[in-house]
Amino acid sequence: MKLKKIKSIKLIPKAPFNFDATFHKPDHFPSGDNDWQAGFRWQTWRWEGKLLGLKFENKGSVKRPQIKTTIYPQNSLSNSFINSLINEISYKYNLDLDLAKFYALFKKDEVLAPVIKRWQGLRPGHQGSLYEYLVVGLVLQNATVKRSVNMLQVLFENYGQCLEYDEKKLWGFWRPGDLAGVKEEELRGLKIGYRAKYLKRLDDCFGKGKIDEFDLRRRDVEKQKEELLKIYGVGPATAGYILFDIFHRFNFIEHISPWERKIYSKLFFDQDPEKPVSEDKLLKYFDRYRPYQQLAVHYIWEDLWWQRKNKHIPWLEKLIRA
DNA sequence: CATCAGGGCCCTG
DNA sequence: CAGGGCCCTGAT
Numbered sequence: 000m001k002l003k004k005i006k007s008i009k010l011i012p013k014a015p016f017n018f019d020a021t022f023h024k025p026d027h028f029p030s031g032d033n034d035w036q037a038g039f040r041w042q043t044w045r046w047e048g049k050l051l052g053l054k055f056e057n058k059g060s061v062k063r064p065q066i067k068t069t070i071y072p073q074n075s076l077s078n079s080f081i082n083s084l085i086n087e088i089s090y091k092y093n094l095d096l097d098l099a100k101f102y103a104l105f106k107k108d109e110v111l112a113p114v115i116k117r118w119q120g121l122r123p124g125h126q127g128s129l130y131e132y133l134v135v136g137l138v139l140q141n142a143t144v145k146r147s148v149n150m151l152q153v154l155f156e157n158y159g160q161c162l163e164y165d166e167k168k169l170w171g172f173w174r175p176g177d178l179a180g181v182k183e184e185e186l187r188g189l190k191i192g193y194r195a196k197y198l199k200r201l202d203d204c205f206g207k208g209k210i211d212e213f214d215l216r217r218r219d220v221e222k223q224k225e226e227l228l229k230i231y232g233v234g235p236a237t238a239g240y241i242l243f244d245i246f247h248r249f250n251f252i253e254h255i256s257p258w259e260r261k262i263y264s265k266l267f268f269d270q271d272p273e274k275p276v277s278e279d280k281l282l283k284y285f286d287r288y289r290p291y292q293q294l295a296v297h298y299i300w301e302d303l304w305w306q307r308k309n310k311h312i313p314w315l316e317k318l319i320r321a
C-alpha cells in the first residue's frame, strides 16, 4: 500500500541526545520493518490498531536536539491519536530520560567513562510493542542470525503488510490475534520449526487480551518478570531483553546467555571467549554499575557493535556466525 | 557426504 | 535442578 505524508511534528528530546545511536542499534539483526542511514530512521509502527509509516530525521545536535517526525498514515488521523502517538514515541525511545545522573555516577569508571564520552546522548529503547518484541524474541531462539532474519521476513511476507512511503518499501507487523485462523502446520511450512507452537500460543494470548502491555508498564519489575515468564515460549533470556528494551528496567540483569558471556568475558576480563568466565562472576562484576547495571552494559555493548561497523574485530566475527 | 551447534525454552525424571 | 529434544541451516 502506498502512503502519503500528512503531517510533520517537531520533537525535542532531553539533551544530550545522540540521534543515530538511539535510532540505530547495530547489534540488532536487520529486519524489514525499518531502515536507517545517518540522520534518518524509517520505521513502520502500529498504534491503536492503525499501521503507519514513520520517518525520523535528525534536525539538531547532541546539545540542541531536535527530531522531525513525519507520519504516513493509511487514512485520516485525529489530533488525540497524534498526541498519544507522540507520547508513545517519546516513551519507546526514552526521549525524556535524564542521563545526567547515570553519567555523573560513572564519570570516573575506567571502562565506562570513555564509552560515555563517545556516546553522549545514546538512549536505550526499542520501537516494538510487547507482542512484536516477543515475536522477535521467538525467532532469535536457538538460531543463527541469518536464520532469524529469514524467519521474521517470511512472517512479514505472509501476515504483515507492505507499506510504500518516502521511496521505501517496509513491512508492518500484523495485529495480535491475526494468526488465529492460521494452523500450526502452516507456520511450520514457513520453516520456523518448533517456534510455530510458541507463536500460536503467543498470538492467542495477546489476541484475547490476556496481557495488557500498558497495565504491565506500571507494575514493579518483579511482577513484570513474573508475567513475562508465564508466557509460553518465554524464558530468562527473552524476559531479560524485554525488561530492559520494553519496560526500561535499566538496572535489571539476572541472566547472561552463553554467547553474551563469551563476549563479556573478552570485554571485561580479556579472557579467551571460548573459555568464558562464569555467569556469577560477571554478575558480581556488574554490581559496580548499580542502579544502572543493564544500561551500563548496553553502552559498552553498543560501543563494541559500532566499532565493528568500522573495523574488523576477528574474535567477535568468530562468535557471530552471520 | 555427515555431523553439529546455534543470539532458548519446555518437559521430564 | 540437570539434561535431552526440538526445527532448520550452514559451517566444518
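The opening residue of the first sequence carries number 0 in numbering that gives the first Met the number 0; numbering runs sequentially from there. Glycine included, C-beta positions come from ideal geometry on N, C-alpha and C.
Under 8 angstroms between the Cβ atoms of residue i and residue j?
i                 : j              : result
aspartate 269     : arginine 117   : no
phenylalanine 22  : arginine 45    : no
tryptophan 173    : cysteine 161   : no
tyrosine 324      : alanine 295    : As displayed, the chain neither begins before 0 nor continues past 321, which places residue 324 out of reach and without an answer.
leucine 2         : tyrosine 71    : yes
phenylalanine 80  : threonine 68   : no
aspartate 177     : tyrosine 158   : yes
valine 61         : proline 113    : no
proline 175       : tyrosine 130   : yes
proline 272       : lysine 265     : yes
leucine 198       : isoleucine 191 : yes
tryptophan 258    : aspartate 26   : no
tyrosine 298      : asparagine 250 : no
aspartate 97      : serine 89      : no
lysine 145        : aspartate 34   : no
leucine 121       : valine 138     : no
phenylalanine 205 : glutamine 223  : no
Between which two residues does the alpha helix (DSSP H) harbouring residue i extend?
i                 : result
arginine 146      : 144–158
glutamate 185     : 183–188
tyrosine 90       : 78–91
alanine 179       : Element bounds for alanine 179: n/a, residue is neither H nor E.
aspartate 211     : From DSSP, aspartate 211 is part of no alpha helix (DSSP H); its letter is neither H nor E.
isoleucine 319    : 313–319
glycine 350       : Since the first and last residues shown for the chain are 0 and 321, residue 350 lies out of range.
phenylalanine 251 : Phenylalanine 251 -> no alpha helix (DSSP H), and no H or E assigned at all.
leucine 121       : Note, leucine 121: premise wrong, no alpha helix (DSSP H); not H, not E.
leucine 98        : Looking at the DSSP string, leucine 98 is not in any alpha helix (DSSP H), and its letter there is neither H nor E.
lysine 13         : Unbroken run through lysine 13: none, as it is neither H nor E.
valine 220        : 220–229
Grouping DSSP H, G and I as helix and E and B as strand, with all else coil, what is residue i?
i              : result
aspartate 279  : helix
glutamate 109  : coil
lysine 1       : strand
lysine 24      : coil
lysine 274     : coil
tryptophan 258 : helix
alanine 238    : helix
isoleucine 299 : helix
aspartate 269  : coil
aspartate 244  : helix
isoleucine 115 : helix
asparagine 309 : helix
lysine 62      : coil
glutamine 293  : helix
arginine 194   : helix
From the DSSP secondary-structure annotation, give me the bridge partner or partners of residue i.
i             : result
asparagine 33 : Gln42
serine 7      : Thr69
lysine 54     : Trp41 and Thr69
cysteine 161  : Trp170
lysine 49     : Trp46
Spatial neighbours of residue i within its chain, please: C-beta separation below 6 angstroms, excluding the five flanking residues on both sides.
i             : result
glycine 124   : Lys91, Tyr92 and Asn93
glycine 38    : Asn57
valine 276    : Ser264, Phe268 and Gln270
aspartate 244 : His125
Beta carbon of residue i: closer than 7 angstroms to some heavy atom of the ligand FAD?
i          : result
valine 153 : The ligand FAD is not part of this structure, which contains no ligands at all.
Once the 5 residues before and after residue i are set aside, which same chain residues still bring their CB inside 8 angstroms of it?
i           : result
leucine 227 : Val233, Thr237, Ala238, Ile241 and Leu242
valine 148  : Phe28, Pro29 and Ser30
Let's see if you can read the secondary structure: which residues bound the beta strand (DSSP E) around residue i?
i          : result
lysine 168 : 167–171
Residues in the same chain with beta-carbon distance under 7 angstroms from residue i, minus the five sequence neighbours each way, listed in chain order, please.
i             : result
serine 256    : Ala236
alanine 195   : Glu183, Leu186 and Arg187
histidine 254 : Pro235, Ala236 and Gly239
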